[in-house]
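A quick write-up on the structure given underneath.
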């Protein structure tokens with residue numbers, strides 16, 4: 201796997217999504233922020249200040265990747281008041297080279313989201329595993345034609361869930377929100393969810409499967425054949441205040 205070529209394709213298809221400009225923003229009900237940038241020492245500070253103004257009064261994120269320029273971009277973001285969160289590892293699997301076929305454990309049913317009740321179960325798992333309110337994700341999932349949600353149930357009770365985004369680029373599908381209730385971990389549910397979503401992506405013709413992996417999930421994914429592409433760190437400004445007008 202040519203990592204440099206893969207990064208270029210990832211940037212173009214996933215981060216930029218065919219959009220142009222030195223800074224590419226996204227703004228949806230579930231995420232707002234900077235997905236990609238092409239900056240240098242002369243342009244970075246003005247670009248950061250522009251994003252702070254643009255998102256004034258809202259929670260937003262600058263999604264930084266370890267290969268982004270300039271090298272001191274994290275320090276520039278921090279100087280503007282953004283706070284670094286926990287880094288995650290961007291892992292990629294080549295679906296033509298890696299076989300992902302872990303079955304669901306005995307007594308577990310995997311079901312794709314097909315209606316409001318299924319979406320509510322997925323949201324309930326996300327809320328329990330990750331904290332917060334994920335109801336917007338449930339609504340977006342029901343409205344989407346490119347994202348598939350999967351819920352694992354034991355005796356009809358949701359115990360794990362995840363999503364796969366079939367796009368935005370032709371080569372990449374993305375895994376999101378894979379999580380298992382604490383009392384059900386260590387039984388193969390995470391691997392089964394990965395395998396089910398990988399098969400969906402392969403059936404749609406995607407070659408690569410990418411995921412932003414936490415420290416807990418990265419070792420499992422590496423054992424399944426995923427390789428590291430980069431490290432990504434969220435820089436957030438919880439509520440960016442609008443600029444104060446001059447006085448006097």
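Numbering (my numbering), first residue to last: 201 to 448. Glycine included, every Cβ here is placed at the ideal spot set by N, Cα and C. Just so we're clear, the structure is a prediction, and the values are computed from it rather than from any experiment.
Item to check | Integer Cβ distance of residue 273 from residue 244, believed to fall under 8 angstroms | outcome: 6 angstroms
Checklist entry - Excluding sequence positions up to five away, which residues of its chain have a Cβ less than 8 angstroms from the Cβ of residue 445? => result Here residue 445 scores only 34 on pLDDT, less than 50, and its place in the model is too uncertain to base an answer on.
Next on the checklist: Quick check: what's the CA-CA separation for residue 253 versus residue 362?
Outcome noted: 34 angstroms
Checklist entry - Looking only at its own chain, which residues have a Cβ that is under 8 angstroms from the Cβ of residue 255, when we skip the five neighbours before and after it? => result 232, 233, 437, 440
Checklist entry - Should the stretch 406-426 be regarded as contacting the stretch 323-336, the criterion being three or more beta carbon pairs within less than 8 angstroms? => result no
Checklist entry - Among all the DSSP beta bridges, which residues are the ones paired with residue 384? => result Looking at the DSSP assignment, residue 384 forms no beta bridge with any residue, so it has no partner.
Checklist entry - Going by C-alpha distance, which of 385, 310, 342, 316 is nearest residue 395? => result 310
Checklist entry - Cα separation between residue 315 and residue 215? => result 30 angstroms
Checklist entry - For residue 230, which residues does DSSP report across the bridge? => result Paired residue(s): none; residue 230 is not in a bridge.
Next on the checklist: Helix, strand or coil, according to DSSP, for residue 220 in the structure here?
Outcome noted: Taken through DSSP and simplified to helix, strand or coil, residue 220 comes out as coil.
Item to check | Helix, strand or coil at residue 330 [DSSP, three-state] | outcome: helix
Checklist entry - Considering only residues of the same chain and omitting the five flanking positions on each side of residue 203, which have a CB-CB separation below 6 angstroms? => result Around residue 203: no qualifying Cβ.
Item to check | Among 370, 369, 364, nearest to residue 379 - alpha-carbon criterion | outcome: The shortest Cα separation from residue 379 among 370, 369, 364 belongs to 364.
Item to check | Bridge-paired residues (DSSP) for residue 464 | outcome: Past the edges of the chain, shown from 201 to 448, lies residue 464, and the structure says nothing about it.
Checklist entry - residue 207 and residue 429: beta carbons closer than 8 angstroms? => result yes
Next on the checklist: Could you tell me the alpha carbon to alpha carbon distance between residue 339 and residue 326, rounded to whole angstroms?
Outcome noted: 13 angstroms
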